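Asks: Just passing along the structure, written as structure tokens.
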Amino acid sequence: MTDLTPFLKELLTAPGLSGYEDPAAEIISAKWKPLVHEISRGNLGSLHGLRRGTGTSPRPSMMVATHMDAIGLMVTGIADGFLRLTQVGGVDSRVLPGTLVTVYATGAGRVQPIPGIVVLPNSRLLPPEIGLNPVPLEYLFLDTGLPSRKVEGLVQVGDLVSFAQPPLELSGGTIAGHTLDNRASVAALTVCLEELQSRPHVWDVWAVATSQEEIGTIGATGSTYELHPAFVIALDVTFAKGPGASDWQTSPLGKGPTLCMGPNIHPALYKAMKELADRLEIPYGLEFVPRHTGTDGYSTQVVAAGVPTLVMGIPLRYMHTPVEMVAVKDIQRAGRLMAEFIAGLTPDFMEKIVWDD
Amino acid sequence: MPTFGNAQLKLLEKLCNASAVSGNEGEVRKIVLEELKGRTGDVRVDALGNVLVTCTGSGKKRLKVMVSAHMDEVGFMLVADDGEGFFRFETVGGMDVRQLPGKAVLIGKEHLPGVIGARPIHLTTAEERKKTIPLDALRIDFGPGDGKLKPGDRAVFATRYQRNGPVIIAKALDDRLGVVTLLELVKNAPPNIDLLAAFTVQEEIGLRGAKVAAYAFGPDLAVVVDATPANDLPSWDDEENTSFNTKLGLGPAIYIADGDTLYDPRLVRHFGKSAQSAGIPCQFRQPGGGGTDAGAIHKARAGVPSVSVSVPHRYSHTAASIARLDDWKNTYALLLASLKHLTPELLASDRA
Amino acid sequence: MKKLIQKLTETFSPSGFEAGIREVIRKEIKPFANEVRVDALGNLIARKGSKSKSGLRIMLAGHMDEIGLMATHIDANGFIRFTGLGGIRLTYLAGGRVRFMDGTPGIIGTDRLTDLTKAPSLDQCFIDVGASSLKDCPVKVGDVCAFDRPFVDLGNRMVAKSMDDRIGCAVMIEAMRLLKTSPHELYFVFTTQEEVGLRGATTSSFGVDPDLGLSLDVTATGDTPKGSRMEVALGNGPAVKVKDGGMLADPRIVSWMIRTAEKAKIPFQREVLEGGTTDARAIQVARSGVPAGCLSVPTRYVHSPSEMVDTADVQNSIKLLVKLLGAPVVL
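Protein chains in written order, with this note's numbering: chain A, 107 to 463; chain B, 11 to 362; chain C, 57 to 387.
Set out below in structure tokens:
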């Protein structure tokens, strides 16, 4: 891909909250259509793109899972024209006051985007014990500024709310905005598919933009069951070093994607990818995950009779805030590394995915 | 009566999107001076950066009426370079630190984007989430590129102006609403008074521009045009909200008393009556804390009878505030109606 | 209908020990089912009708288990210490009565409490069945009991223990009775072990392998003094679930349910529940994923021994379920 940024920015404009991924799926589908042979939606809304390999039928297939759903908020009630909220996916309510959002109002029989702000009421309107402490989501409101009778005609319980922070190009080839988790990985998978246009590959490739990752890696479970790939690569964002995040769980921004190792990952897949990255001199970081990777890979590994899984990460700062930040070159490297890996898959590759005890 | 249309909204948009942190008001000053170009009246910039305009009227026995609106806004100053594009920063003007994490900012004259991030929720504990993130744990992250920024640079919230029907959402509505209003007053100055317009600086850090402007003008009376908070949200326990300050949709708010000023009752009455006879909705701001430039002006020289008329708006001093178009239009209408009928007789009797 | 609800709610069957309620329900549904079976986890699975050209295989799930207690230790004086089965609310324990599967009644007592402003912990509670020694205590470690509270008919409202989710079972049974024709192959599944983690629904949804799933369960309300914030209220009709603590209902199912209710002029409310989830979550993630939703009966005081529902809400839930199942589904 010549310039990744316009596509990435387009991806960030689509709401596509968990369970309601259609707006994101449409953009991704349009981009992928020329890059794959077949495209369809799974039962739970995941987007399945199939790129057939050059091997003789029956060909083995692998799956790359990148979730496309976004975290956000949902309307739970209306009080004097102000909207009460709950979260869709994990949101730290400390980042919400003053956040610009869009309400997708459905009360008037069609979806109507309305701009609004998540607001912190004056302390006199809050339980006195809160003082200057953070205010729990149950006491925050969403204000559209519209008069209350107007709001009551437009908005109803269950309406979705997404962050409205427009994407920003920051210095050093970085980009900031909401939902880079995990549209950054969707972009990386797109880079991979583009690379594969000129790289013959024996295996069938399922490019999957999964649904409902943020509320329990749900879409990936169904897709893995339906497509039964021989192995899965789950690509998701991971914690980049930055203010408030510097411990062992974090990786440097702009120094390449990460490879995870731990119980969630098949060691032979990890080893194969690591050796390839070394050979190609693509920079990468290592992530040691002693338990749950918190990615689609956690689910795909235990679908049906079990599926060998590899988990890769793109370092991202300020995860689950409206100003997540990634380095564009990390996205490109992740996509390229994955394409090289796929192009190098031999028909008997799975014979090497064994327990080297 | 002249009212607000597209031209004023365009100007408001331009002014809200400009960066003018207290002490660094140049960007707004430039727009104000451009707007004043070719207008009658004497325009000057004083030692602190206030823009002072004198519009001499044509009637007899004219009062010298100072009308002020502040150009500055709350914001940030970069104070230390931590390397790799991270900067420590301080707030300029009263801000709740709980409003800062997760926001985008624009830095310096070139409006370069940066973000104030927060530790990912995944890495926090439930106990940690009950604590406010202190300012010294926050950084402005500009990205790891080569250093175009330096300590001393100012930053503002990156929020861009938007309008949704009757609703205006923008940063710095406090007090760009006042700045546009005052510019319109200058363009339509009533002939019965000498209008002394002060576009002031450094309001947010202690009414410092207004203090010297009032001294320089030495007016007979002063009217301050500001934006005042509307805390008209429901109370957490569904009890009646008795401390809303002002409410959106009820029109301009006339001040009776705030933390700095007991407003001149003769002027308060005059403005209230003017609203009534002109059929303009208005409200009296609940007496309480807070303050406007009047706090400095009414104590200038030998004292200046003062009043404030403000546009109600929600979420002052945060990334995004909300005002209603009608409240703003009515503020302008009330000012015009009141100024038109200002006569020396009003101040002939003693203050109550 | 009320007789049926009384019969269902006065049966004692905590999670994992559903034999009693299973037999009661089996008897009720037998005349209306083409086939009835019980799977390895004890789910009662009844098929009604078969798939026509315009039909789907639809799974309805209402759980027949209820929350309960399990004995963990009998002391020398015959007092029983216990643990919870499902989401026990500590505030409702002390002074309550229970009944073990063999019919043994008991009351819940507490240790001497130093702070009467706080609910006692599970460790501070015991069951007294009137025994005076370990030897004459009829309860053994591992025995289970459920809360004992009779059904009360308040006219417009009904109160009972285990409305959660015998009311869902009642709605399903009544719908089976009333449903004359359907283009669908319907599986009415009375599930087990919901209260301990949707375990019955997990296996039965794999087994049934439906095209579409709907759970029938209770949901909380926000209509009591200083209660939790929630828009659902008793008497405003069945609740169409949009979201709960564990699931986002499939938006296609939500709009199908709302369309059907609107067309049939059945009152309904949109439900966003902050905590808890239902069997629908398990159905949703079965195999390659199943579009799933939930029709909820608004219920006050969920997981107390006195759960309250509105009679009209129950009737409207039955009506809506019959409407939903009687016609082809367009998603």
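Idealized CB from N, CA, C, for every residue including glycine. Please read all numbers here as calculations on a predicted model, not as lab measurements.
Less than 8 Å between the beta carbons of alanine 136 of chain A and alanine 120 of chain A, yes or no?
Replies: Cβ atoms of alanine 136 of chain A and alanine 120 of chain A: not closer than 8 Å.
Asks: Please state if the CB of threonine 166 of chain C and the CB of valine 185 of chain C are separated by a distance shorter than 8 Å.
Replies: Against a cut-off of 8 Å, the Cβ pair of threonine 166 of chain C and valine 185 of chain C comes out as no contact.
Asks: Please determine, among C:Pro194, C:Lys174, C:Leu172, the residue with the shortest C-alpha to C-alpha distance to glycine 162 of chain C.
Replies: Considering only alpha carbons, the answer is C:Pro194.
Asks: Tell me which same chain residues have a C-beta within less than 8 Å of the C-beta of threonine 139 of chain C, skipping the five on either side of it?
Replies: Hits under 8 Å: Leu125, Met126, Thr128, Leu178.
Asks: Is there a C-beta anywhere in chain A that falls below 8 Å from the one on serine 344 of chain C?
Replies: Closer than 8 Å: yes.
Asks: Per DSSP, which residues does asparagine 174 of chain B bridge with? Please list them.
Replies: In DSSP, asparagine 174 of chain B forms a bridge with B:Val177.
Asks: In whole angstroms, what separates the C-alpha of alanine 383 of chain A from that of leucine 365 of chain A?
Replies: When rounded, the distance between both Cα atoms is 10 Å.
Asks: Using the rule of at least 16 other Cβ atoms within 10 Å of the residue's Cβ for burial, across every protein chain shown, is lysine 191 of chain C buried or exposed?
Replies: Exposed, by the Cβ-count rule.
Asks: By the 10 Å Cβ neighbour count, where 16 or more other Cβ atoms means buried, how is glycine 33 of chain B classified, buried or exposed?
Replies: So glycine 33 of chain B counts as buried.
Asks: Grab the span of the beta strand (DSSP E) containing isoleucine 290 of chain B for me, first residue to last.
Replies: Here isoleucine 290 of chain B belongs to no beta strand (DSSP E), and DSSP marks it neither H nor E.
Asks: Report buried or exposed for valine 460 of chain A, applying the criterion of at least 16 other Cβ atoms within 10 angstroms of its Cβ.
Replies: Flag for valine 460 of chain A reads exposed.
Asks: What would DSSP say about lysine 191 of chain C, mapped onto helix, strand or coil?
Replies: Residue state, collapsed to three classes: coil.
Asks: For tyrosine 245 of chain A, write down the residues that DSSP places opposite it in a beta bridge.
Replies: BP columns for tyrosine 245 of chain A are empty, so no partner.
Asks: Around the Cβ of isoleucine 184 of chain A, are there at least 16 other Cβ atoms within 10 angstroms (buried) or fewer (exposed)?
Replies: It counts as buried.
Asks: Using DSSP's beta-bridge definition, name the partner residues of methionine 214 of chain C.
Replies: Paired residue(s): C:Asp209, C:Val365.
Asks: In or out: leucine 205 of chain B buried (at least 16 other Cβ within 10 Å) or exposed?
Replies: Classification for leucine 205 of chain B: buried.
Asks: Where DSSP assigns a beta bridge to tryptophan 312 of chain A, which residues make up the other side?
Replies: Paired residue(s): A:Leu156, A:Met169.
Asks: State the beta-bridge partners of cysteine 298 of chain A as determined by DSSP.
Replies: Answer by DSSP bridge pairing: none, since cysteine 298 of chain A is not bridged.
Asks: Is the Cβ of proline 291 of chain B closer than 8 Å to any Cβ of chain A?
Replies: No, because no Cβ of chain A sits closer than 8 Å to the Cβ of proline 291 of chain B.
Asks: Starting from the C-beta of proline 354 of chain B, find all residues in its chain whose C-beta is less than 7 Å away, skip the five residues before and the five after it, and write them out in chain order.
Replies: Here the set comprises Lys71, Leu73.
Asks: What residues of chain B sit near alanine 426 of chain A, judged by a beta carbon separation below 8 Å?
Replies: A small correction: the amino acid at residue 426 of chain A is histidine; alanine does not occupy that position in the sequence shown. The answer, in chain order, is Pro130, Ile131, His132.
Asks: Is leucine 231 of chain A closer than 8 Å to leucine 464 of chain A when the C-beta atoms are compared?
Replies: Residue 464 of chain A cannot be examined here, being either before or after the span of chain A that is shown, 107 to 463.
Asks: Establish whether the CB of tryptophan 246 of chain B and some CB of chain A are separated by less than 8 Å.
Replies: So yes, tryptophan 246 of chain B belongs to the interface.
Asks: Here's the rule: buried if 16 or more other CB atoms are within 10 angstroms of the residue's CB, otherwise exposed. What is phenylalanine 394 of chain A?
Replies: Phenylalanine 394 of chain A is exposed by the Cβ-count criterion.
Asks: So, helix, strand or coil for isoleucine 266 of chain B, using DSSP?
Replies: Reduced to three states, the DSSP call for isoleucine 266 of chain B is coil.
Asks: Alanine 289 of chain C and isoleucine 61 of chain C - do their beta-carbons sit closer together than 8 Å?
Replies: In this structure, alanine 289 of chain C does not lie closer than 8 Å to isoleucine 61 of chain C by Cβ.
Asks: In whole angstroms, what is the alpha-carbon distance linking aspartate 171 of chain C and cysteine 181 of chain C?
Replies: Taking the straight line from one Cα to the other gives about 14 Å.
Asks: Taking just the CA atoms, how far does glycine 178 of chain A sit from lysine 158 of chain B?
Replies: When rounded, the distance between both Cα atoms is 34 Å.
Asks: Are the Cβ atoms of serine 378 of chain C and leucine 235 of chain C separated by less than 8 Å?
Replies: Just to set this straight, residue 378 of chain C is valine in the shown sequence, not serine. Going by C-beta atoms, valine 378 of chain C is nearer than 8 Å to leucine 235 of chain C.
Asks: Is it the case that the Cβ atoms of methionine 456 of chain A and alanine 336 of chain A are separated by a distance below 8 Å?
Replies: Yes. Within cutoff.
Asks: CA-CA distance, phenylalanine 113 of chain A and leucine 359 of chain A?
Replies: Approximately 21 Å between the Cα atoms of the pair.
Asks: From the DSSP secondary-structure annotation, give me the bridge partner or partners of tyrosine 210 of chain A.
Replies: Bridge partners of tyrosine 210 of chain A: A:Pro219, A:Leu266.
Asks: In or out: glycine 309 of chain A buried (at least 16 other Cβ within 10 Å) or exposed?
Replies: Strictly speaking, residue 309 of chain A in this sequence is tryptophan, with glycine absent from that position. The residue in question, tryptophan 309 of chain A, is buried, as its Cβ has 16 or more Cβ neighbours within 10 Å.
Asks: Out of B:Ser326, B:Glu35, B:Ile290, B:Leu217, point me to the one whose CA is closest to histidine 308 of chain B's CA.
Replies: Checked all of B:Ser326, B:Glu35, B:Ile290, B:Leu217; the closest Cα to histidine 308 of chain B is B:Leu217.
Asks: What's the C-alpha gap between methionine 431 of chain A and alanine 346 of chain A?
Replies: If you take the alpha carbons of methionine 431 of chain A and alanine 346 of chain A, they lie about 9 Å apart.
Asks: Buried or exposed: which applies to glutamine 212 of chain B, given that a residue is buried once 16 or more other Cβ atoms fall within 10 Å of its Cβ?
Replies: Looking at its Cβ environment, which holds 16 or more other Cβ atoms inside 10 Å, glutamine 212 of chain B is buried.
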